[in-house]
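Note sheet for the following structure.
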Amino acid sequence: SQASRREAQTAASAELESEVEPWSLLQPLDGEDRAGLFPPLFKVLYDGQGGAPRLQPDSRDLRYMKRLYKAYATKEGIPKSNRSHVSNTIRLFTPYIQRKRVPADPVTGTAPSVDLLFNLDRVTAVEHLLKSVLLYTFNNSVSFPSAVKCGYSLVMNEPESSRKARPPAPRSFTFKPQFEFRKKYTWVEVDVTTLLQPLVASDKRSIHMSVNVTCVNDQLQGPSALDSPLKLPLLVPPSLLLYLNDTSAQAYHRWDSLHYKRRPSQAPGQERGLSARPMEEEAAKGVRSSRHRHRR
Amino acid sequence: GQAAVSSELKKPLVPASFNLSEYFKQFLFPQNECELHDFRLSFSQLKWDNWIVAPQRYNPRYCKGDCPRAVGHRYGSPVHTVVQNVICEKQLDSSVPRPSCVPAKYSPLSVLTIEPDGSIAYKEYEDMIATKCTCR
Chain A
795 SQASRREAQT AASAELESEV EPWSLLQPLD GEDRAGLFPP LFKVLYDGQG GAPRLQPDSR
855 DLRYMKRLYK AYATKEGIPK SNRSHVSNTI RLFTPYIQRK RVPADPVTGT APSVDLLFNL
915 DRVTAVEHLL KSVLLYTFNN SVSFPSAVKC GYSLVMNEPE SSRKARPPAP RSFTFKPQFE
975 FRKKYTWVEV DVTTLLQPLV ASDKRSIHMS VNVTCVNDQL QGPSALDSPL KLPLLVPPSL
1035 LLYLNDTSAQ AYHRWDSLHY KRRPSQAPGQ ERGLSARPME EEAAKGVRSS RHRHRR
Chain B
836 GQAAVSSELK KPLVPASFNL SEYFKQFLFP QNECELHDFR LSFSQLKWDN WIVAPQRYNP
896 RYCKGDCPRA VGHRYGSPVH TVVQNVICEK QLDSSVPRPS CVPAKYSPLS VLTIEPDGSI
956 AYKEYEDMIA TKCTCR
């Protein structure tokens, strides 16, 4: 009868519950969201604590992420719809181990070489890499001319890469610090997506790299530029910023709504925002559009 | 037709014994009908602010109230809701409850959290703020 069947069911479920931790029954069955909101939320429901003790993040990194949050979300915490890229997860990792093999060379303007180790355990299998950036932080006590040209070499110290012994590929990028002088910190993002893509995609949980940076005054031309290098004692080791796309059901998938708004002239790849704009442009664009609206 | 209309007009609109205020009450907006309610909480209240850095305040909202008998398009309720209402009112099965007032639409929420290893994560979660209620 219905009653006896129900009794059998409750007995069976009671037996099952006694075997596993009760709160694990609330986990998503496929365990996708190991590093999301659910585990801590369930833990609070079950034992009322506010989550496990956490290591304190680097204060500069926290300041950067708070600024990023304001650029990407409203005060109520709702993701802004006018963003160009679709990553629904952005992670900032502070390097663990920093060993200086080559001291700074004031004559050539080379900053101290550093060894960096990033632990990417928090990146889950459902978070796919869209872009990776080395984030340099300056404070405004560094007196910069309007533009500085820096070359850097980034060497991956993974066993495989060392076995291949490929010479580091020198790259150059240009700083534009003046637009940040009013604030206490200045940030520069150096795109290393092509270098890190294979490593992160291959589920490598730790990335070990060494970085050498040499900067010269961009405004001086010819040999005089070389013989007036910049002193960069305050070049702190960069943090690693990963723009990821979380494909789990709990994550917000913006491209659904983008599909409806796609302009016919844009190629699909373009709209996915693989070339995400620096944060300042995003915020400025937001300001510009609101001013425009205001004038009308 | 003149005669028919004039005889209609002669009839009284409201019988003398009818309570007018009771009559009009049925046209008023019902007081506790199914609707969206605010519920603002701050993560510091939950002592979660050591790992949830932003947003400072979170308003998940919730749905509460009675579901009207004749649930029409106003709630976007499926036809099934009307069927469930009939089963309940005709008491075909006492275990079948009336339709409930539940969220029908959500909006996402951006969360900035500190991970146990000290890294910082910005994540966008689906369905974290109720934006519309329905009866079903």
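Taken in sequence, the protein lines are chains A and B. Here the first sequence stands for residues 795 to 1090, where the numbers follow our numbering. Here the second sequence stands for residues 836 to 971, where the numbers follow our numbering. Every residue, glycine too, gets a C-beta built ideally from N, C-alpha and C.
For LYS958(B), the nearest beta carbon of chain A is closer than 8 Å to its own beta carbon. In this structure, THR883(A) places its C-beta atom within 8 Å of the C-beta atom of ALA956(B).
CA-CA distance, THR948(B) to LYS874(A), rounds to 18 Å. Segment contact: the stretch 871 to 889 of chain B against the stretch 909 to 929 of chain B, fewer than three CB-CB distances shorter than 8 Å; contact not assigned.
If you check the CB distance, TYR1037(A) and SER881(A) come in under 8 Å.
With 16 or more other Cβ atoms inside 10 Å of its own Cβ, PRO851(A) counts as buried. When secondary structure is reduced to three states using DSSP, VAL921(B) falls in the helix class. GLU950(B) has a beta carbon lying within less than 8 Å of a beta carbon in chain A. Residue pairing by DSSP places VAL946(B) opposite LYS958(B) in a beta bridge. A buried status is given to ARG1048(A), since no fewer than 16 other beta-carbon atoms sit within 10 Å of its beta-carbon. Following the DSSP letters along the chain, one finds VAL908(A) inside the beta strand (DSSP E) bounded by residues 908 to 913. Excluding sequence positions up to five before and after PHE874(B), its CB lies within less than 8 Å of the CB of ASN894, PRO895, ARG896, TYR897, all in the same chain and listed in chain order. Annotation: the continuous beta strand (DSSP E) that includes THR883(A) extends over 883 to 887.
LEU923(A) is positioned such that its CB atom lies closer than 8 Å to that of GLN991(A).
A check of alpha carbon separations from LEU876(B) across GLN891(B), ASN920(B), ASP901(B), PRO903(B) identifies GLN891(B) as the nearest. Residue-level contact by beta carbon fails for TYR941(B) and chain A, as no gap is shorter than 8 Å. Between SER1004(A) and THR888(A) the beta-carbon gap is near 17 Å, outside 8 Å, which marks them as no contact. Measuring C-alpha to C-alpha distances from ARG971(B) to each of SER856(B), THR916(B), LYS940(B) identifies THR916(B) as the nearest.
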